[in-house]
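Listed in order, the protein sequences are those of chains A and B. Under my numbering, the first residue of the first sequence carries the number 2, and numbering increases by one thereafter. Under my numbering, the first residue of the second sequence carries the number 229, and numbering increases by one thereafter.
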Amino acid sequence: TSTPLEHDEL
Amino acid sequence: NIFRILGDLSHLASIVILLRTVQKTQRVDGISLKTQILYVLVFCTRYLDLLTFRWKSVYNTLMKMVFIGASVRVIQLIQGCKIQNPVAYKDMIFRDTLQIKYLVGPCAVLALIFNYKFTLLELCWSFSLWLESVAILPQLFMLSRSGKASTLTTHYIFALGLYRALYIPNWIWRYYSEDRLEKLSVFTGLLQTALYSDFFYIYYKKVVKGAGFELP
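Written out as structure tokens, the structure reads:
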């Protein structure tokens, strides 16, 4: 499972 | 997914409830100015990526702007009550006693320890998550000391807590459908929901089942 650097949540 | 949208909507609803009522009634009793200031700080530090112009979607960008704008507007309205309704305002300030530094300080330290990357943007993002999880504390503290709350306050806190609660199934959903797990969000989100859980219980017992809202 990746921990993404893109924060797309509000 | 549905949980995320419902979560965002209840978040928006909480702010709208607050904005509209303060605007209409010019009353601030029961609302913690400190919590509202913390939310401005949360949104401003979290949505710094607006400045990088790597926007994800129209929805995402718009909502971020709305949240920042609305949280600033809330502060403006509360400050407006200072002139319109000075007695209530002073009473609110007098009861809003939890010191912000005890929340901001630890959050800054936690952000330095727990982050994905040691960059300004990432540190601010992590800080905003930690701070959001405890930002309601001045409000809850105020409630627990006074023992009473207006319906406005309870609906507001309920909608706000619902938003974080709905994000939990959203994360479970994303874990399975996108193989995505944002550990920091999940942990601080759980922490935040836990802080609300006591409130939820009382809300259910008192408000949903009728009768006034009183904390033990």
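Beta carbons: idealized from backbone N, C-alpha and C, even for Gly. Keep in mind that this is a model prediction, so the values were computed, not measured.
As summarised for the segment 343-405 of chain B, the continuous alpha helix (DSSP H) elements at least 4 residues long and confined to that stretch are 348-362, 365-374, 379-405, given in chain order. Here the C-alpha atom of residue 305 (chain B) lies approximately 42 Å from the C-alpha atom of residue 407 (chain B). Sequence-distant Cβ neighbours of residue 338 (chain B) in its own chain, meaning closer than 7 Å and more than five residues away, are 358.
Under the three-state reduction of DSSP output, residue 301 (chain B) falls in the helix class.
Using a Cβ-Cβ distance cut-off of 8 Å, the segment 384-399 of chain B and the segment 237-252 of chain B are in contact, since at least three pairs of beta carbons, one from each stretch, lie closer than that value. Listed along chain A is no residue with a C-beta nearer than 9 Å to that of residue 369 (chain B); the closest approach is about 26 Å. In terms of beta-carbon proximity, residue 277 (chain B) lines the interface with chain A, with at least one pair separated by less than 8 Å.
Residue environment: residue 382 (chain B) is assigned as buried (16 or more neighbouring CB atoms within 10 Å of its CB, all protein chains considered). If you check each beta-carbon in the segment 328-358 of chain B against every beta-carbon of chain A, the ones closer than 8 Å belong to 344, 345, 350, 353.
When DSSP states are grouped into helix, strand and coil, residue 286 (chain B) belongs to the helix group. Residues of chain A with a Cβ closer than 9 Å to the Cβ of residue 288 (chain B) are, in chain order, 9, 10, 11.
By alpha-carbon distance to residue 256 (chain B), the top candidate from B:325, B:273, B:315 is B:315. In the three-state reduction of the DSSP assignment, residue 325 (chain B) falls in the coil class, being assigned neither a helical nor a strand state. Rounded to whole angstroms, the gap between the alpha carbons of residue 271 (chain B) and residue 295 (chain B) is 7 Å.
Judged by DSSP secondary structure, residue 280 (chain B) falls outside any alpha helix (DSSP H); it is assigned neither H nor E. Residue 277 (chain B) has its alpha-carbon roughly 38 Å from the corresponding atom of residue 313 (chain B). Interface annotation, residue 318 (chain B): not in contact with chain A, CB-CB separation never under 8 Å.
Cβ contact annotation for residue 388 (chain B) (same chain, cutoff 6 Å, sequence separation greater than five): 242, in chain order. Look at residue 437 (chain B) here: in three-state DSSP terms it is coil, with no helix or strand label.
With a threshold of 8 Å between beta carbons, residue 413 (chain B) makes contact with chain A. By the rule that beta-carbons nearer than 8 Å mark a contact, residue 293 (chain B) does not touch chain A. Neighbourhood of residue 284 (chain B) in chain A, by CB distance below 8 Å: 7, 9, in chain order.
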